[in-house]
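Asker: Got a structure for you, written out below as structure tokens; questions coming shortly.
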Amino acid sequence: MRQEQRAGDARRELLSAVESLRWVQALPPLARPADARHAAVLVLFGVLDSVVPAVPDAAVARELDVLLQRRAATLRSHPSEVSFPGGRREPGDADAVATALREAEEETGVDPRDVEILGLLPELPLAASSHLVTPVVAWWRTPSQVAAVDHAETVDVLRVPVAELLDPASRFMSVWTFRGREREAPAFDVGGTIVWGFTAIVLDRLFDAAGWTVPWDTDRTRPVEEFFPRPARGGE
Numbered sequence: 000m001r002q003e004q005r006a007g008d009a010r011r012e013l014l015s016a017v018e019s020l021r022w023v024q025a026l027p028p029l030a031r032p033a034d035a036r037h038a039a040v041l042v043l044f045g046v047l048d049s050v051v052p053a054v055p056d057a058a059v060a061r062e063l064d065v066l067l068q069r070r071a072a073t074l075r076s077h078p079s080e081v082s083f084p085g086g087r088r089e090p091g092d093a094d095a096v097a098t099a100l101r102e103a104e105e106e107t108g109v110d111p112r113d114v115e116i117l118g119l120l121p122e123l124p125l126a127a128s129s130h131l132v133t134p135v136v137a138w139w140r141t142p143s144q145v146a147a148v149d150h151a152e153t154v155d156v157l158r159v160p161v162a163e164l165l166d167p168a169s170r171f172m173s174v175w176t177f178r179g180r181e182r183e184a185p186a187f188d189v190g191g192t193i194v195w196g197f198t199a200i201v202l203d204r205l206f207d208a209a210g211w212t213v214p215w216d217t218d219r220t221r222p223v224e225e226f227f228p229r230p231a232r233g234g235e
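Each residue of the sequence shown is one higher than the one before, starting from 0 at the first, in numbering that gives the first Met the number 0.
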């Protein structure tokens with residue numbers, strides 16, 4: 000009963016966050032907005048069947064998790080990075096929700112019938128690939144088995160406990176250079192799994208808006224080249 004109550008609290012807090020969240024200079028603008036392609040990602044929260052508490056004093060239920068995936072190293076866009084499931088809108092997609100659900104099913108095996116849509120966040124630019132991306136926030140009513148479906152796109156599917164993302168020890172500011180300017184943004188390191196760029200920014204702002212953020216050291220920085228020793232594109 001307590002787990003169900005805390006999960007219900009998290010769902011309500013996410014609903015409130017979706018209604019209130021607005022982006023403020025989150026990512027660099029697109030060079031040619033008129034040429035942008037539209038995409039959507041599924042920001043799916045659920046409750047793990049079982050989890051060993053890694054954080055003693057969590058701001059949220061330790062069972063609460065978010066679905067992420069690790070992209071294939073062979074992809075042209077954001078290779079090897081951890082991201083939300085999602086992708087480009089196709090002609091047959093009715094809207095951003097349809098895109099996010101279709102892509103999540105194709106990439107991770109998520110059953111759309113088990114997903115409750117909580118709302119859409121304002122779209123964000125991804126300058127590296129000239130996309131405008133809509134985050135679709137959702138609640139996993141009945142979590143089921145997930146795994147990488149197409150290994151040409153996804154090599155791993157992760158259910159990451161939110162409490163571990165919120166742990167101050169997991170948080171830092173990523174630093175990279177884009178268009179000749181040094182930029183920085185919140186990032187996460189959970190047991191060596193690095194989440195940065197677009198995905199980390201969305202999580203960071205959602206956590207803030209939901210009232211879950213635990214104070215952390217924003218002066219702790221790490222260059223992107225430290226964990227991606229190649230031309231970095233994810234935060235662009």
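C-beta atoms are modelled at their ideal positions from N, C-alpha and C, and glycine is treated no differently. Since the structure is predicted, the reported quantities are computational estimates derived from the model, not experimental observations.
When you compare the CB positions of Val159 and Leu67, do they come within less than 8 angstroms of one another, or not?
Answerer: Within the sequence shown, residue 159 is the residue found at index 160, counting from 1. Within the sequence shown, residue 67 is the residue found at index 68, counting from 1. Contact flag set, yes.
Asker: Report all residues from its chain with a CB closer than 6 angstroms to the CB of Phe226; omit the five preceding and five following residues, and keep chain order.
Answerer: Translated into the one-based positions of the sequence shown, residue 226 becomes position 227. Ile193.
Asker: Flag this pair as yes or no: are the beta carbons of Pro84 and Ala103 separated by less than 8 angstroms?
Answerer: Translated into positions along the sequence shown, residue 84 becomes position 85. Translated into positions along the sequence shown, residue 103 becomes position 104. Contact: yes.
Asker: Tell me which same chain residues have a C-beta within less than 6 angstroms of the C-beta of Leu14, skipping the five on either side of it?
Answerer: Sequence index remark: in the sequence shown, residue 14 carries index 15 (1-based). Leu117, listed in sequence order.
Asker: Any chance the stretch 206-222 sits against the stretch 139-154, with 3 or more Cβ pairs inside 8 angstroms?
Answerer: no
Asker: Quick one, are the C-beta atoms of Val136 and Leu123 less than 8 angstroms apart?
Answerer: One-based indexing of the sequence shown puts residue 136 at position 137. One-based indexing of the sequence shown puts residue 123 at position 124. Going by C-beta atoms, Val136 is not nearer than 8 angstroms to Leu123.
Asker: Quick one: is Ser173 buried, meaning 16 or more other Cβ sit within 10 Å of its Cβ, or exposed?
Answerer: In the sequence shown, residue 173 corresponds to position 174, counting from 1. So Ser173 counts as buried.
Asker: For the putative contact between Leu47 and Asp64, defined by C-beta atoms under 8 angstroms, what is the C-beta separation to the nearest angstrom?
Answerer: As a working note, residue 47 is residue 48 in the sequence shown. As a working note, residue 64 is residue 65 in the sequence shown. Contact holds; Cβ gap of about 5 angstroms.
Asker: Relative to the C-alpha of Ala9, which residue among Arg36, His37, Arg21, Leu43 is closest?
Answerer: Here residue 9 corresponds to residue number 10 of the sequence shown, with the count starting at 1. It is Leu43.
Asker: Please report the straight-line C-alpha distance between Ala97 and Val17, rounded to a whole angstrom.
Answerer: Here residue 97 refers to the residue found at position 98 of the sequence shown. Here residue 17 refers to the residue found at position 18 of the sequence shown. The straight-line gap from Cα to Cα measures roughly 18 angstroms.
Asker: Here's the rule I'm using: 16 or more other beta-carbon atoms within 10 Å means buried, otherwise exposed. How should Glu115 be labelled?
Answerer: Position 116 of the sequence shown, counting from 1, holds the residue named residue 115. The residue in question, Glu115, is exposed, as its Cβ has fewer than 16 Cβ neighbours within 10 Å.
Asker: Exposed or buried, what is Thr198 when buried is set at 16 or more other beta-carbons lying within 10 Å of its beta-carbon?
Answerer: Along the sequence shown, read from residue 1 onward, the residue named residue 198 stands at position 199. Flag for Thr198 reads buried.
Asker: Per DSSP, Val159 forms a beta bridge with which residues?
Answerer: The sequence position of residue 159 within the sequence shown is 160, counting from 1. Looking at the DSSP assignment, Val159 forms a beta bridge with Val65.
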